[in-house]
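Each residue of the sequence shown is one higher than the one before, counting from 0 in numbering that gives the first Met the number 0. The beta carbon of each residue, even a glycine, is placed where N, CA and C say it ideally should be. Report on the following structure.
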Amino acid sequence: MTYKTGRFFCQWNVLRFLLWTVALTGSQRSLYAQGAVPLPDYVIIDTITLQGNRKTKPALILRELEFKPGDSLPATGLSETLERNRLRLMNLSLFSFSELRIDTLPPGNRLALHFRFVEMWYLYPIPLFELADRNFNVWWSEFDRSLKRVNYGISWTHLNLSGHADILKINLNFGYSNRYEVVYERPWLNRRQTLGFRVATGFSRNHELAYVTRDNKQQFYVNPEKWQLTRYYANATLHWRPKLLTTHSLTAEYHLNRVADSIATEVNPDYFLNGRTEQRHFSLIYRFLIDRRDIRPYPLSGWLTAVELRQNGLLPRDDLHLFRATGELKKYFSFTRRLSLETIVKGRLVLPRRKPPFYNNQALGYGNDFVRGYEFFVMDGMDYGLLRSSFHIELFNRTFNLGKFMPLQAFRTLPLKVYLSLNNDTGYANDPYYAAGNPLSNRWLYGYGIGIDIIAYYDKVAKLEWSWKGPGGGGFYLNINTGI
Numbered sequence: 000m001t002y003k004t005g006r007f008f009c010q011w012n013v014l015r016f017l018l019w020t021v022a023l024t025g026s027q028r029s030l031y032a033q034g035a036v037p038l039p040d041y042v043i044i045d046t047i048t049l050q051g052n053r054k055t056k057p058a059l060i061l062r063e064l065e066f067k068p069g070d071s072l073p074a075t076g077l078s079e080t081l082e083r084n085r086l087r088l089m090n091l092s093l094f095s096f097s098e099l100r101i102d103t104l105p106p107g108n109r110l111a112l113h114f115r116f117v118e119m120w121y122l123y124p125i126p127l128f129e130l131a132d133r134n135f136n137v138w139w140s141e142f143d144r145s146l147k148r149v150n151y152g153i154s155w156t157h158l159n160l161s162g163h164a165d166i167l168k169i170n171l172n173f174g175y176s177n178r179y180e181v182v183y184e185r186p187w188l189n190r191r192q193t194l195g196f197r198v199a200t201g202f203s204r205n206h207e208l209a210y211v212t213r214d215n216k217q218q219f220y221v222n223p224e225k226w227q228l229t230r231y232y233a234n235a236t237l238h239w240r241p242k243l244l245t246t247h248s249l250t251a252e253y254h255l256n257r258v259a260d261s262i263a264t265e266v267n268p269d270y271f272l273n274g275r276t277e278q279r280h281f282s283l284i285y286r287f288l289i290d291r292r293d294i295r296p297y298p299l300s301g302w303l304t305a306v307e308l309r310q311n312g313l314l315p316r317d318d319l320h321l322f323r324a325t326g327e328l329k330k331y332f333s334f335t336r337r338l339s340l341e342t343i344v345k346g347r348l349v350l351p352r353r354k355p356p357f358y359n360n361q362a363l364g365y366g367n368d369f370v371r372g373y374e375f376f377v378m379d380g381m382d383y384g385l386l387r388s389s390f391h392i393e394l395f396n397r398t399f400n401l402g403k404f405m406p407l408q409a410f411r412t413l414p415l416k417v418y419l420s421l422n423n424d425t426g427y428a429n430d431p432y433y434a435a436g437n438p439l440s441n442r443w444l445y446g447y448g449i450g451i452d453i454i455a456y457y458d459k460v461a462k463l464e465w466s467w468k469g470p471g472g473g474g475f476y477l478n479i480n481t482g483i
């Protein structure tokens with residue numbers, strides 16, 4: 000029997016297996032018809048075979064499963080257990096398609112599991128064309144879609160470089176600003192596959208920088224003849240994963256940032272504080288993560304919790320000394336096959352309670368920490384709290400076989416899903432030192448809206464959202480995550 004996506008399909012196949020097990024002989028069929036023979040209480044995993052993982056090491060795949068050959072599983076909830084493990088393999092981001100076929104072996108309660116995969120396309124030498132602004136919406140609306148504000152170059156990413164889910168990234172950015180970066184990450188280092196590491200180094204420089212926030216919008220200073228901000232960083236991370244869904248990470252970082260004299264002495268002396276033109280510091284970051292989501296690129300059930308403790312400044316001579324504690328909880332409720340609820344709670348606390356450099360005072364509006372409806376604004380601050388919620392309603396779910404029209408095998412099977420999202424967010428940024436002239440700081444913000452979410456190839460997500468903010472007004476926003 001074949002085991003694919005779809006809860007009903009999975010449950011029917013496992014139920015059919017159980018019925019077949021009880022009906023092995025004529026006498027058993029008679030007893031089952033009379034209700035005298037109960038269904039098996041458990042099944043035994045006899046063998047696990049893998050097919051299609053031409054590059055991915057078998058040990059890496061088997062490490063993700065909750066069971067191994069010889070283990071017994073309760074018959075009750077068996078379909079949910081197998082589907083959960085199939086999705087766990089998809090969460091490795093190594094496969095574009097997977098299916099599970101089940102064979103029954105004598106005496107009837109033993110299972111042979113046959114996984115079949117289609118590996119992703121691992122090499123992405125992509126010509127780079129990216130925006131120099133905070134996000135697509137700011138570039139489109141506030142800078143008139145100017146092609147002068149783009150960076151070009153090449154982003155070379157090799158996923159699963161050695162078959163151990165390791166990643167090598169090389170970014171060479173030219174144009175409006177420059178960025179050169181090399182990253183290597185290997186999640187499994189030892190035989191037990193509990194230790195992994197990540198190393199990265201990079202250099203960037205900009206002719207333009209946001210030197211102050213006014214009316215909750217970044218104000219930019221531009222000098223095409225001189226670099227206004229240069230940054231160098233290097234870091235190394237050690238991951239420890241003692242359990243399947245629990246990860247501890249310890250990162251050591253070094254940062255060296257320099258700003259032009261005109262910024263530090265004339266435009267904003269608080270940029271690095273006290274008119275400094277340089278900020279140099281070591282940092283240590285500890286991160287704890289438990290991830291029990293079903294589909295990580297677009298979860299529908301499960302939960303995630305993360306805690307990060309960051310100490311910027313380890314040596315007395317470091318130019319920055321800040322401690323940041325950040326906590327995040329994501330919970331997903333699946334009510335029916337087509338309806339689910341996403342809730343995200345996140346907050347940050349900063350110590351000591353003294354004035355930070357403007358450069359290190361970012362709160363809401365940066366990265367993924369924003370209240371929908373306020374994408375064009377930033378709320379700086381030391382601390383913040385954020386609550387986001389979305390109802391997801393499935394509108395479309397179908398898998399297409401592109402066949403000969405797609406020359407790359409990894410992309411011939413196209414799973415495509417479309418969801419309607421109903422969004423409602425609130426957040427607060429505490430800015431005790433730079434709030435003057437920024438009316439959205441130190442107040443609760445509310446935003447709401449609707450959206451269309453498109454998920455292709457399991458991990459390519461595009462969100463088209465129409466959002467409105469509490470005081471009125473709003474607009475259309477686009478967010479894309481390619482999974483690379």
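Test item: CB-CB of residue i and residue j under 9 Å
i    : j    : result
E118 : L93  : yes
R387 : N422 : yes
S71  : I47  : no
W465 : G446 : no
Y232 : L208 : no
I484 : L88  : One cannot answer for residue 484 here, as it falls past the ends of the chain, which runs 0 to 483.
Y331 : D452 : no
I166 : R185 : yes
N429 : G372 : no
S203 : N177 : yes
G152 : K54  : no
G484 : V181 : There is simply no residue 484 to check, as the chain begins at 0 and stops at 483 in what is shown.
A324 : L299 : no
N189 : N172 : no
N90  : R337 : no
Limits of the unbroken beta strand (DSSP E) element including residue i
i    : result
S388 : 382-400
R204 : 194-205
Q408 : Element bounds for Q408: n/a, residue is neither H nor E.
N177 : 176-185
N480 : 473-480
Y447 : 444-455
P73  : 71-73
W120 : Looking at the DSSP string, W120 is not in any beta strand (DSSP E), and its letter there is neither H nor E.
Outcome for residue i when other beta-carbon atoms lying within 10 angstroms are tallied against a minimum of 16
i    : result
Y365 : exposed
Q408 : exposed
R225 : It should be pointed out that residue 225 corresponds to Lys in this sequence rather than to Arg. Answer is exposed; the Cβ neighbour count stays below 16.
Y285 : exposed
K468 : buried
W443 : exposed
Q218 : exposed
R15  : Its pLDDT being 48, under 50, R15 is placed unreliably by the model, and the measurement read from it follows with that caveat. Exposed: under 16 other Cβ atoms inside 10 Å.
V349 : buried
G472 : exposed
Y41  : exposed
D260 : exposed
E277 : exposed
S29  : Low confidence applies to S29: its pLDDT is 33, below 50, so where it sits in the model is not reliable enough to give any reading.
T481 : exposed
K462 : buried
P105 : exposed
G448 : buried
N159 : buried
N222 : exposed
A164 : buried
Same chain only: Cβ atoms within 7 Å of residue i, ignoring 5 sequence neighbours per side
i    : result
T193 : W239, R240, P241
R397 : L415
N400 : R411, T412
V258 : Q227, L228, Y270, F271, T276
G51  : R115, F116, V117, E118
Any non-hydrogen atom of the ligand PLP closer than 8 Å to residue i Cβ
i    : result
R240 : No copy of the ligand PLP occurs in the structure displayed, which carries no ligand at all.
Close Cβ partners of residue i (< 6 Å) along its chain, the five nearest in sequence each way excluded
i    : result
G391 : According to the sequence displayed, residue 391 carries His and not Gly. So the qualifying residues of the chain are S339, Y418, S420.
F475 : W465
Y253 : A233, F281
G384 : G346, Y427
Q310 : L283, F322
L303 : D290, R292, K329
R109 : I43, D45
V370 : D424, G426, L444, G446
G436 : R213
Residue i - containing alpha helix (DSSP H), residue span
i   : result
R62 : 57-62
T80 : 77-89
Contacts around residue i, its chain only, beta-carbon distance under 8 Å, and the 5 residues preceding and following it disregarded
i    : result
L313 : H280, F281, S282, L283
Please give the ranges of any beta strand (DSSP E) in the segment 216-295, keeping only runs that are unbroken, at least 3 residues long and fully inside the region. 216-221, 228-242, 245-258, 277-290
Going residue by residue through the segment 298-353, where are the continuous beta strand (DSSP E) segments of at least 3 residues, counting only ones entirely within it? 301-311, 321-333, 338-350
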